[in-house]
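Protein chains in written order, with the numbering used here: chain C, 48 to 303; chain G, 41 to 388. Where is the CB? At the ideal position from N, CA and C, for every residue including glycine. Keep in mind the model is a prediction, meaning the values are calculated, not measured. Each remark here refers to the structure printed beneath this line.
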């Protein structure tokens with residue numbers, strides 16, 4: 048048990064060392080959401096008012112939780128998929144041959160991915176506030192962290208599941224283009240859900256990120272399309288399911 | 041986060057401790073990849089304290105055996121025990137008994153040498169002071185103490201391999217697996233690594249299982265060698281006995297004139313097993329040939345045969361391999377399989 052805790056810490060620590068060692072990766076991972084926020088926020092913001100927004104919420108206030116969701120979606124999925132890098136460069140063997148429970152390996156990765164994801168999300172939040180979003184209350188901020196944790200864990204599980212089934216990096220761009228981007232666009236991160244055609248809206252309701260972004264909006268700007276209790280309940284369930292699938296597939300992965 | 045207190049002992053026991061069974065035993069162990077049988081019902085016992093070699097061409101199945109024994113791959117059928125633990129049922133117990141040096145690089149290039157070892161120590165439950173001691177110890181052993189704070193991406197191939205060996209030893213495993221430990225290394229580094237392997241086997245009593253396709257490596261290092269071909273063990277014994285099975289040494293004499301007389305007079309000696317002319321060369325089959333060469337030369341002098349050069353060939357594991365597999369190991373390495381292995385490594 049103690050050794051397993053040590054393993055979680057060890058894997059988390061490695062993720063931290065790697066993340067902060069590659070300055071370009073820190074900048075790169077934060078740049079895309081930042082540009083989305085800056086260009087969409089200032090472009091659509093200002094004088095334009097967006098139908099469907101509750102009064103008193105500017106577009107930047109609406110957009111920031113969405114971009115936080117995007118940041119978490121990308122960084123968490125990539126954190127799960129980073130198993131692929133370890134497979135490619137051999138380090139996965141060093142991890143898999145260690146005498147620790149497989150679940151502690153999954154937990155270590157999840158903790159690492161969560162930490163880096165939430166760190167980036169908070170930077171985006173700060174950027175949103177600088178661009179004119181209203182300051183959230185402390186309880187709102189703390190609640191948003193809960194949602195961030197759940198979103199991160201969900202998509203780390205997703206990335207882990209894919210990485211456990213893939214033997215090389217060739218499917219990586221497929222996953223980015225046909226999974227991550229659709230999940231992002233179909234989540235209500237950029238515009239209110241009721242502006243989607245109804246068929247698309249139905250699909251959006253199957254997307255866990257939709258509930259994550261909605262929950263973040265409730266926490267940070269106090270307005271949401273779905274009940275925050277529903278958001279929380281759906282996310283908790285999906286998060287547990289996704290992490291379990293990811294952990295199960297990872298446990299049974301073979302290292303050639 | 042402080043969890044550094046009383047972490048379990050990291051295999052303080054040494055391999056010299058008595059084990060009531062072989063260090064490793066395989067029972068009909070089999071691995072299939074689709075319709076390809078990579079390892080075919082292999083039975084094998086490796087004794088505690090042995091330095092054991094699996095010799096075979098690329099794709100013969102030796103690495104697959106190692107990957108199963110180190111829990112990287114699951115056997116299709118059959119069973120095995122490693123240091124008293126069942127390979128299927130007690131995977132974590134097997135894992136804590138073994139150390140592995142993989143064929144392909146498995147260190148994190150973005151971390152320093154010391155950080156890689158630190159990671160390893162934590163994964164094996166060592167607390168801070170113990171980790172520091174062991175890291176210093178193994179870094180000295182492989183002569184990397186002054187490079188410990190460099191990122192591994194700045195290491196040469198030989199340094200990386202040494203770091204991996206240091207890591208494999210750090211938790212003092214009972215059994216150390218080395219998959220092609222000297223592949224692609226220069227001659228000098230190879231000799232250093234041979235020396236490390238010998239030392240830890242003889243001085244620390246670590247049971248060592250290594251795979252190689254270098255004949256001279258198996259010959260120089262191993263107490264016993266198993267020759268693997270097409271997923272099966274085709275021969276198993278000490279290198280000496282394997283070579284003895286091939287038979288006598290051969291002496292070849294380039295004879296300018298008087299070959300016939302020489303052959304006739306040499307055939308009187310009981311220790312000459314055969315003497316045959318082959319294109320102007322006389323080939324003699326002789327036991328302990330190096331002791332007989334003076335006598336042979338004396339005899340040549342007596343019957344006035346003019347010998348221009350003498351060659352001595354002792355059976356090598358290469359000959360043994362040839363006998364059991366019907367081909368030379370270097371020929372069989374030129375297969376598509378090894379080309380694929382090379383391509384696979386390109387990204388590292």
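7 Å Cβ shell around residue i - same chain, five flanking residues per side excluded
{"i": "residue 182/C", "result": "176"}
{"i": "residue 135/G", "result": "111"}
{"i": "residue 80/C", "result": "114, 117, 118, 171"}
{"i": "residue 311/G", "result": "326, 327, 332"}
{"i": "residue 212/C", "result": "296"}
{"i": "residue 102/G", "result": "94, 96, 251, 268"}
{"i": "residue 251/C", "result": "233, 234, 235, 240, 243, 257"}
{"i": "residue 344/G", "result": "298"}
Any chain G beta carbon closer than 8 Å to residue i
{"i": "residue 67/C", "result": "no"}
{"i": "residue 143/C", "result": "yes"}
{"i": "residue 229/C", "result": "no"}
{"i": "residue 50/C", "result": "yes"}
{"i": "residue 140/C", "result": "yes"}
{"i": "residue 62/C", "result": "no"}
{"i": "residue 57/C", "result": "yes"}
{"i": "residue 54/C", "result": "yes"}
{"i": "residue 283/C", "result": "no"}
{"i": "residue 298/C", "result": "no"}
{"i": "residue 153/C", "result": "no"}
{"i": "residue 302/C", "result": "yes"}
{"i": "residue 35/C", "result": "Chain C is shown only over 48 to 303; residue 35/C falls outside these bounds and no answer can be derived."}
Cutoff 8 Å: residue i Cβ touching any chain C Cβ
{"i": "residue 386/G", "result": "At residue 386/G the pLDDT is 38, less than 50, meaning the model places this residue with poor confidence; the figure from the coordinates comes in the next sentence. Taking Cβ atoms only, chain C never reaches closer than 8 Å to residue 386/G, which makes this a no."}
{"i": "residue 197/G", "result": "no"}
{"i": "residue 324/G", "result": "no"}
{"i": "residue 276/G", "result": "no"}
{"i": "residue 114/G", "result": "yes"}
{"i": "residue 165/G", "result": "yes"}
{"i": "residue 142/G", "result": "yes"}
{"i": "residue 27/G", "result": "Only positions 41 to 388 of chain G appear in this structure, which leaves residue 27/G out of reach."}
{"i": "residue 146/G", "result": "yes"}
{"i": "residue 155/G", "result": "yes"}
{"i": "residue 136/G", "result": "yes"}
{"i": "residue 202/G", "result": "no"}
{"i": "residue 98/G", "result": "no"}
{"i": "residue 59/G", "result": "no"}
{"i": "residue 241/G", "result": "no"}
Identity of the residues DSSP links to residue i by a beta bridge
{"i": "residue 351/G", "result": "292/G"}
{"i": "residue 312/G", "result": "326/G"}
{"i": "residue 318/G", "result": "321/G"}
{"i": "residue 230/C", "result": "None; residue 230/C has no bridge partner."}
{"i": "residue 346/G", "result": "297/G"}
{"i": "residue 273/G", "result": "268/G"}
Sequence-distant residues of the same chain with beta carbon closer than 8 Å to residue i, five excluded per side
{"i": "residue 33/C", "result": "The requested residue 33/C does not occur in the structure, where chain C is confined to residues 48 to 303."}
{"i": "residue 158/G", "result": "171, 175"}
{"i": "residue 196/C", "result": "161, 165"}
{"i": "residue 127/G", "result": "108, 109, 111, 115, 119, 120, 121, 134"}
{"i": "residue 216/G", "result": "138, 139, 140, 141, 208, 209, 240, 246, 247, 248, 249"}
{"i": "residue 260/G", "result": "234"}
{"i": "residue 50/C", "result": "146, 147"}
C-beta neighbour in chain D for residue i, strict 8 Å
{"i": "residue 136/C", "result": "No chain D is part of this structure, whose protein chains are labelled C and G."}
Other residues of its chain near residue i: CB distance less than 6 Å, five sequence neighbours each side excluded
{"i": "residue 213/G", "result": "138, 139"}
{"i": "residue 261/C", "result": "271, 272, 273, 278"}
{"i": "residue 389/G", "result": "Outside the shown range of chain G, which is 41 to 388, sits residue 389/G, and nothing can be said about it."}
{"i": "residue 42/G", "result": "In this prediction, residue 42/G has a pLDDT of 40, which is less than 50 and means its spatial position is unreliable; what the coordinates show is noted afterwards. There are no such residues."}
Query raised in the report: How do the stretch 173-190 of chain G and the stretch 151-158 of chain C stand: do at least 3 beta-carbon pairs fall below 8 Å, yes or no?
Result: no
Query - beta strand (DSSP E) runs contained entirely in the stretch 65-136 of chain G, provided each spans 3 or more residues - result: 76-86, 91-95, 117-122
**Report entry** Ordered list of alpha helix (DSSP H) runs contained in the stretch 134-209 of chain G, each at least 4 residues
**Finding:** 153-163, 168-181
Requested in this report: Just list the alpha helix (DSSP H) runs in the stretch 204-270 of chain G, keeping only unbroken ones of 4 residues or longer that don't cross its boundaries, in chain order.
Outcome: 227-242, 255-261
Query raised in the report: Taking three-plus beta-carbon pairs below 8 Å as touching, is the stretch 138-153 of chain G in contact with the stretch 207-216 of chain G?
Result: yes
Query raised in the report: Is the number of C-beta pairs between the stretch 312-324 of chain G and the stretch 288-298 of chain G that are closer than 8 Å three or more?
Result: yes
Query raised in the report: Given 8 Å as the limit, is there contact between the stretch 134-150 of chain C and the stretch 104-117 of chain G, that is, 3 or more CB pairs closer than that?
Result: yes
Query raised in the report: Where are the alpha helix (DSSP H) runs, 4 residues long or more, that stay fully inside the stretch 117-199 of chain C, in chain order?
Result: 138-143, 149-177
**Report entry** Cβ pair count under 8 Å reaching 3, the stretch 59-79 of chain G against the stretch 228-240 of chain G
**Finding:** no
Report task. Could you say if the stretch 132-139 of chain C and the stretch 276-289 of chain C meet the contact criterion of at least three C-beta pairs nearer than 8 Å? Result -> no
Report task. Could you say if the stretch 213-231 of chain G and the stretch 195-202 of chain G meet the contact criterion of at least three C-beta pairs nearer than 8 Å? Result -> yes
Query raised in the report: Pairing CB atoms from the stretch 117-132 of chain C with CB atoms from the stretch 209-227 of chain C, are three or more of them under 8 Å?
Result: yes
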